[in-house]
């Protein structure tokens with residue numbers, strides 16, 4: 001059985017939120033009863049696991065800016081990411097109300113005062129959607145930015 005020569009493999013995967021450093025010393029993995037294919041399989045599995053962990057934490061936090069001029073009957077929103085659709089659900093309602101707009105600018109107007117907190121449902125450009133049930137608080141203020149629990 002062939003053993004790998006003493007060799008240390010090091011790689012670093014970095015995202016905006018996570019830095020993962022992987023260092024594998026073949027001498028710690030390879031034993032006399034392992035063949036080269038087994039050693040490579042272990043290394044491949046370890047690198048794949050690290051890559052999956054890094055990619056899983058690379059999302060962008062979705063934020064909503066309630067613009068100046070928003071009032072109890074009108075919410076003017078600017079998002080930090082372009083989306084296909086934004087919908088708002090008021091406190092106590094089962095239905096989402098569709099905002100008018102496109103890209104990053106959205107508006108919801110109502111004849112009656114809107115009641116927060118507001119849930120936000122957005123449709124992404126790829127067709128998927130995300131929901132945060134308390135994205136905008138009950139005591140929201142115009143010209144304020146709210147970070148949601150949504151990762152895009």
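In the UniProt record's numbering, the protein residues as written are 1 to 152.
A virtual CB, placed ideally from N, CA and C, is assigned to each residue, including glycine.
Considering only C-alpha positions, which residue in the set 151, 45, 110 is nearest to residue 124? Checked all of 151, 45, 110; the closest Cα to residue 124 is 151.
Going by Cα to Cα distance, which pick from 142, 130, 139 is closest to residue 148? Nearest C-alpha to residue 148: 130.
Kindly indicate which three-state DSSP category residue 45 falls into: helix, strand or coil? For residue 45, the secondary structure class from DSSP, reduced to helix, strand or coil, is helix.
Nearest to residue 69 by CA position, among 107, 92, 112, is which residue? Answer by Cα proximity: 107.
Determine whether the beta carbon atoms of residue 156 and residue 122 lie at a separation below 8 Å. Nothing in the structure corresponds to residue 156, since the chain is present only between 1 and 152.
Supposed contact pair residue 82 and residue 59 - C-beta distance, whole angstroms, cut 8 Å: By a beta-carbon distance limit of 8 Å, residue 59 does not contact residue 82. Their separation comes to about 15 Å.
Which residues mark the beginning and the end of the beta strand (DSSP E) in which residue 122 is found? Residue 122 -> beta strand (DSSP E) spans 118 to 123.
Inter-residue spacing [alpha-carbon to alpha-carbon] between residue 132 and residue 120: For residue 132 and residue 120, the distance between alpha carbons rounds to 5 Å.
Taking DSSP as the reference, what is the three-state secondary structure of residue 76? Three-state DSSP puts residue 76 in a strand.
Using the Cα positions of residue 138 and residue 100, report the straight-line distance between them to the nearest angstrom. The straight-line gap from Cα to Cα measures roughly 21 Å.
Give me the Cβ distance between residue 190 and residue 98, rounded to the nearest whole Å; I'm assuming they're in contact under 8 Å. No statement about residue 190 is possible, as the shown extent of the chain runs from 1 to 152 and does not include it.
The beta strand (DSSP E) that contains residue 131, what's its start and end? Going by DSSP, residue 131 is part of the beta strand (DSSP E) stretching over 129 to 136.
Quick one: what does DSSP say residue 103 is sitting in, helix, strand or coil? In this structure, residue 103 counts as strand in the three-state DSSP scheme.
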